[in-house]
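Numbering (the numbering used here), first residue to last: 104 to 499. Glycine is no exception: its CB is placed at the ideal position from the N, C-alpha and C atoms.
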Ligand SMILES: Cc1ncc(COP(=O)(O)O)c(C=O)c1O
């Protein structure tokens with residue numbers, strides 16, 4: 104049935120698979136199953152006590168109830184610039200090269216509206232995080248998929264982009280460490296990507312939401328570490344993953360001042376910025392991290408080891424994630440992504456996301472988020488093991 108009050112644009116938004124997984128979970132819970140939710144990537148713990156106190160004190164300041172403005176408070180932008188300098192060795196002008204956001208979701212979702220016109224296209228990772236596609240759909244921009252294949256370490260082959268596509272491409276989006284792939288990229292990769300952006304005259308947009316969540320000593324770089332990258336690149340940083348602030352919405356963008364100015368100009372017409380009390384708390388989180396870094400990765404690294412080892416002991420040799428809170432793994436032979444996720448949830452109450460929720464190239468995989476406490480992860484691994492034994496062959 105055609106819905107009168109629903110735009111056609113909405114039909115191009117996101118994948119309905121996430122909604123399906125929620126429906127399957129509800130069904131399973133109604134049948135009395137104890138559901139273990141390894142589908143959505145919510146943070147494992149709250150922000151530090153100091154950050155929560157800063158937030159509660161800032162809530163009592165009468166002046167913080169004025170419209171904050173989309174640029175972001177000077178304290179927050181300066182803290183962000185100092186944090187970027189300490190973490191990546193990159194100097195930024197906090198006035199022109201830092202912009203506050205209501206989470207990276209806000210910036211990534213709105214970017215296409217700010218920098219493209221209908222009929223343009225953009226290069227998006229496939230598989231990739233769904234808001235990239237949603238942003239293009241809202242802006243009426245075509246997607247050119249950038250396939251990320253296991254055999255290439257999930258890094259793109261820029262030469263495989265059809266030559267004729269480049270003239271319409273306004274920006275290309277990269278995301279390392281990657282959701283859902285949990286793949287990482289080093290500085291040499293970003294040097295190549297910046298060179299491609301320059302040669303092709305496109306903007307390079309890097310989503311660095313998981314910069315503080317890599318394992319085995321790997322420190323994900325910023326694209327802005329590449330000399331001259333600021334001429335062609337912007338990068339998005341999240342307070343949600345690095346500082347457990349997913350609910351108190353805040354993030355920031357850094358990089359090319361013209362692009363940030365354009366995004367800010369758009370947002371000035373759509374929103375009035377982030378609650379000043381949240382900006383104060385986020386500034387405290389950044390300042391404390393500058394003095395005494397406490398990487399968010401430790402808790403997830405422990406969980407990753409525990410969970411992957413438990414799955415391997417059950418006979419499923421899932422690849423070891425190098426970063427993020429996600430394991431990305433092929434489904435056992437003979438299953439589709441959707442079929443596997445659905446049956447696993449029906450039979451054992453373990454919720455995972457079918458890989459094709461993130462794009463065509465995700466078919467054949469599932470994403471499992473290690474977002475439950477350790478004993479629940481072990482329980483999930485036991486149930487998955489039972490499911491695999493009762494439902495056919497286990498891969499490699
Ligand atoms: C790759 C990626 N980018 C951006 C976001 C959005 O994060 P934020 O909470 O900063 O809006 C997420 C959230 O899961 C993500 O996985």
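Within the present structure, is the beta-carbon of residue i separated from the nearest heavy atom of ligand 1 by less than 6 Å?
i           : result
residue 430 : no
residue 462 : no
residue 229 : no
residue 403 : no
residue 184 : no
residue 312 : yes
residue 349 : yes
residue 343 : yes
residue 257 : no
residue 207 : yes
residue 458 : no
residue 232 : yes
residue 129 : no
residue 175 : no
residue 354 : yes
residue 500 : There is simply no residue 500 to check, as the chain begins at 104 and stops at 499 in what is shown.
residue 144 : yes
residue 372 : no
residue 278 : yes
residue 282 : yes
In the DSSP assignment, find the alpha helix (DSSP H) that holds residue i and state where it starts and stops.
i           : result
residue 212 : 207–218
residue 426 : Residue 426 -> no alpha helix (DSSP H), and no H or E assigned at all.
residue 225 : Segment 224–229 is the beta strand (DSSP E) holding residue 225; no alpha helix (DSSP H) there.
residue 392 : 379–394
residue 491 : 477–493
residue 177 : 177–191
residue 234 : 234–242
residue 203 : Unbroken run through residue 203 is the beta strand (DSSP E), 201–204; no alpha helix (DSSP H).
residue 308 : Premise fails: residue 308 lies in the beta strand (DSSP E), 306–310, not in any alpha helix (DSSP H).
residue 128 : 120–133
residue 445 : 440–451
residue 507 : With the chain covering 104 to 499 only, the question about residue 507 has no answer from this structure.
residue 400 : 400–416
residue 299 : 290–303
Following the continuous beta strand (DSSP E) through residue i, name the residue where it begins and the one where it ends.
i           : result
residue 430 : 429–433
residue 273 : 272–277
residue 468 : 468–472
residue 420 : First-last for residue 420: undefined, no H or E at that position.
residue 247 : 245–250
Does the beta carbon of residue i sit closer than 7 Å to a beta carbon anywhere in chain C?
i           : result
residue 308 : The structure shown contains no chain C; it holds only a single protein chain.
Measure how close the beta-carbons of residue i and residue j come, nearest whole angstrom, since I'm counting them as under 8 Å.
i           : j           : result
residue 524 : residue 272 : A query on residue 524 cannot be resolved here, the shown segment of the chain reaching from 104 to 499 and no further.
residue 201 : residue 357 : 5 Å
residue 324 : residue 290 : 5 Å
residue 206 : residue 352 : 5 Å
residue 132 : residue 138 : 5 Å
* **Those runs of the alpha helix (DSSP H) which lie wholly inside the stretch 322–375 and span at least 4 residues** => The alpha helix (DSSP H) runs lying completely inside the stretch 322–375 and spanning 4 residues or more are 342–345, 360–373, given in chain order.
* Asked: Do the stretch 428–438 and the stretch 466–481 touch if we need at least three Cβ pairs shorter than 8 Å?
  -> Using a Cβ-Cβ distance cut-off of 8 Å, the stretch 428–438 and the stretch 466–481 are in contact, since at least three pairs of beta carbons, one from each stretch, lie closer than that value.
* To do: Count the C-beta pairs between the stretch 263–280 and the stretch 438–451 that are closer than 8 Å, then say yes if the count reaches three, no if not.
  => The stretch 263–280 vs the stretch 438–451: no contact.
* Asked: Any contact of the stretch 368–384 with the stretch 160–170, i.e. 3+ C-beta pairs under 8 Å?
  -> They touch, by the three-pair rule.
* For the 8 Å Cβ check, are there 3 or more pairs between the stretch 479–494 and the stretch 414–421? -> Contact between the stretch 479–494 and the stretch 414–421 is present: 3 or more CB-CB pairs across the two stretches fall below 8 Å.
* Asked: Taking contact to mean at least 3 C-beta pairs separated by less than 8 Å, is the stretch 204–220 in contact with the stretch 228–243?
  -> Yes, they touch.
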